[in-house]
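Q: No gaps in the numbering here: position 161 of the sequence shown is 161 in the UniProt record's numbering, and each next residue is one more.
All C-beta atoms in this analysis are idealised placements derived from N, C-alpha and C, irrespective of residue type, glycine included.
Take a look at this one; I'll ask things after.
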Amino acid sequence: MSCLLNFYTELNAYLLTTGLDVPIAEPGCTDAEIEETEKEWGVQFPESYRLFLKWCGKGTMEWMGGQDFTADSLDYSWECAITLLAENNETLASRDFVISQWQGYNFFAIQLGADNPLVTLYVIKSDNPDVRGLNRIEYGRLTDWIIQQIKIMTELRHELGRINADVPAVWGELDRIALLATE
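What follows is the structure, encoded as structure tokens:
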């Protein structure tokens, strides 16, 4: 088993057994569906993103906070990203591939070419129409970004009383799982 597959397997099991997430209604993408999407876009997805799509490419998990990262949303995410880039006289970094957008003011992209790609958030600098431009926030590798997002949502859900969890213990286990992606 590859280290990245081991990462996703362990992470999914941990989230479900601890109640930090629930099974998504629809399983992830099949290999054939991922290959078709790659063909449609003329790219080869990194191994980690392929495994991400196999895990949750057809449904949104709780830790995503309602943001859509499904394969079916790629067209719309790209449309929003292209509009946002044009409105702000910006360009997409070479080899970046848009994987999600949020309400027209930001989008996430992964950098093609590595098994565990870098994740970048492109976000508007201001709501003021006189202030143009996008900030780029780099999150590190895809697996690191996933762990970071789960930590943020775990802490938020705990503070809101939606889950009863020992947050430091959860973070410790998530850090252990994160290391699996590097073995």
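Count the other CB atoms within 10 Å of the CB of leucine 53; is the residue buried (16 or more) or exposed (fewer)?
A: Under this definition leucine 53 is a buried residue.
Q: Ignoring anything shorter than 4 residues or poking outside the UniProt domain "Knr4/Smi1-like" (28-148), list the alpha helix (DSSP H) runs there in chain order.
A: DSSP runs (the alpha helix (DSSP H)) wholly in the UniProt domain "Knr4/Smi1-like" (28-148): 31-41, 47-56, 74-87.
Q: Tell me which same chain residues have a C-beta within less than 8 Å of the C-beta of aspartate 115, skipping the five on either side of it?
A: Here the set comprises Leu4, Pro46, Glu47, Ser48.
Q: Using only the alpha-carbon positions, how far apart do leucine 174 and lysine 39 sit?
A: Whole-angstrom Cα-Cα distance: 34 Å.
Q: Nearest CA to the CA of threonine 143: which residue from Leu16, Glu35, Arg50?
A: If we check each option's Cα against that of threonine 143, Arg50 comes out closest.
Q: Measure the alpha-carbon distance for glutamate 90 versus threonine 18 and round it to whole angstroms.
A: Whole-angstrom Cα-Cα distance: 42 Å.
Q: Whose C-beta lies closer than 6 Å to the C-beta of valine 98 among residues of the same chain, with five residues either side of it excluded?
A: Excluding sequence neighbours, valine 98 sits near Ser77, Trp78, Ala81, Phe107, Ala109.
Q: Checking 8 Å against the spacing of the C-beta atoms, do leucine 85 and leucine 74 come in under that value?
A: The answer is no: Cβ separation not under 8 Å.
Q: In whole angstroms, what is the alpha-carbon distance linking leucine 11 and leucine 179?
A: So the two alpha carbons sit approximately 11 Å from each other.
Q: Measuring straight from C-alpha to C-alpha, what distance separates lysine 125 and glutamine 103?
A: In a straight line, the C-alpha of lysine 125 is about 15 Å away from that of glutamine 103.
Q: Measuring alpha carbon to alpha carbon, tell me which residue in Glu155, Val123, Trp55, Asn164 is nearest proline 23.
A: For the residues Glu155, Val123, Trp55, Asn164, the minimum Cα distance to proline 23 belongs to Trp55.
Q: What span of residues does the alpha helix (DSSP H) with arginine 176 cover, start to end?
A: Here the alpha helix (DSSP H) through arginine 176 covers 167-180.
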